[in-house]
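Colleague: The sequence shown: position 114 = 114 (this note's numbering), numbered continuously. Using N, Cα and C, we set each Cβ at its ideal position, and we do this for glycine too. Nothing here was measured: the structure is a model prediction, and the numbers come from that model.
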Amino acid sequence: MAKIRHSELAVMLVMDGSLRVLKGEQLKGQVPVKPEVLSDREAQDLGLPPGGTVLCYPLGETPLFFDMAGSRMVIWYSGADADRATPLLDAELKRAYPGGVKQVIDTEHPQESDLRIRAYDVKLSDGLMATIEVSYTKPGADKPKFSALIVGMAIKN
C-alpha cells in the first residue's frame with residue numbers, strides 16, 4: 001500500500017475525485033490506495049441513504065470513506081490526522097482556483113459543539129460551480145473529525 005496520509009487522500013478526493021469529475025475531466029493520476037466498494041447493506045449500516053456508491057479506503061486502523069450520488073459527494077474520516085485536512089484543503093483550493101474560490105462561512109457547527117463548519121463556493125468553469133461544506137474539529141478535541149460535502153451545480157451567467 002502506498003504511503004499517504006489521510007488528509008492528503010481526503011484533499012486528493014475533493015480536488016481530483018470530486019471537482020475534476022464535476023467538470024467532466026479525467027482524474028489526474030491513480031489514487032494510491034485501492035478502495036473497497038461497500039454493499040448497499042454496509043452503506044446503510046453507516047447511516048447512508050440508498051442509491052449512492054460508497055468507497056472505503058483502508059488506511060491503517062482508520063478508514064476514509066467517499067460517498068457519491070449524482071452531483072453530491074461526501075468524504076469523511078475521524079482520528080488519524082483529521083486536524084490537518086482543513087488547512088490543507090484550503091491551501092489547495094486557493095492554489096488550484098485562484099480568484100475562483102470564495103470562503104463563504106467559518107462558524108460553529110449548529111448540532112455538534114466540538115465541530116466548526118467552513119463553506120466555499122468554487123467556480124469550476126463557465127456555467128458550473130461547486131459548493132464545499134467542510135466540518136472539522138475545533139483545536140484540542142479528543143478525536144479529530146473531518147468531512148467535506150461537495151455539491152456541483154449549473155449556474156446562469
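Going by DSSP, what residue range makes up the alpha helix (DSSP H) through residue 86?
Modeller: 82 to 96 is the extent of the alpha helix (DSSP H) around residue 86.
Colleague: Excluding sequence positions up to five away, which residues of its chain have a Cβ less than 7 Å from the Cβ of residue 1?
Modeller: Bear in mind that a pLDDT of 45 at residue 1, under 50, signals an unreliable position, so the number given afterwards is only what the model happens to contain. Around residue 1: 33.
Colleague: Would you mind working out which of 136, 137, 83, 69 sits nearest residue 17, comparing C-alpha positions?
Modeller: 69
Colleague: Within its chain, find whatever has a CB closer than 7 Å to the CB of residue 140; leave out the 5 residues flanking it on each side and keep chain order.
Modeller: none
Colleague: Within 7 Å of any Cβ in chain B, is that where the Cβ of residue 148 sits?
Modeller: The structure shown contains no chain B, having only a single protein chain.
Colleague: Assuming residue 86 contacts residue 136 (C-beta within less than 8 Å), just tell me the rounded distance between them.
Modeller: 4 Å
Colleague: One question on the structure: do residue 40 and residue 50 come within less than 7 Å of each other, judged by their Cβ atoms?
Modeller: yes
Colleague: Residue 152 by DSSP, collapsed to three states: which one?
Modeller: strand
Colleague: Closest by CA to residue 82, which one among 3, 153, 28, 142?
Modeller: 142
Colleague: Which one or two residues does DSSP pair with residue 116 in a beta bridge?
Modeller: 108, 136
Colleague: What are the start and end residues of the alpha helix (DSSP H) that includes residue 54?
Modeller: Run containing residue 54: none in the alpha helix (DSSP H); it sits in the beta strand (DSSP E), 53 to 57.
Colleague: For residue 134 and residue 108, I'd like the C-alpha separation in whole angstroms.
Modeller: 12 Å
Colleague: At what residue ranges does the stretch 27 to 56 contain a whole run of the alpha helix (DSSP H), taking only runs of 4 or more?
Modeller: 40 to 45
Colleague: Along the beta strand (DSSP E) that carries residue 68, what are the first and last residues, could you check?
Modeller: 64 to 69
Colleague: Taking the DSSP output, what are the residues bridged to residue 123?
Modeller: 129
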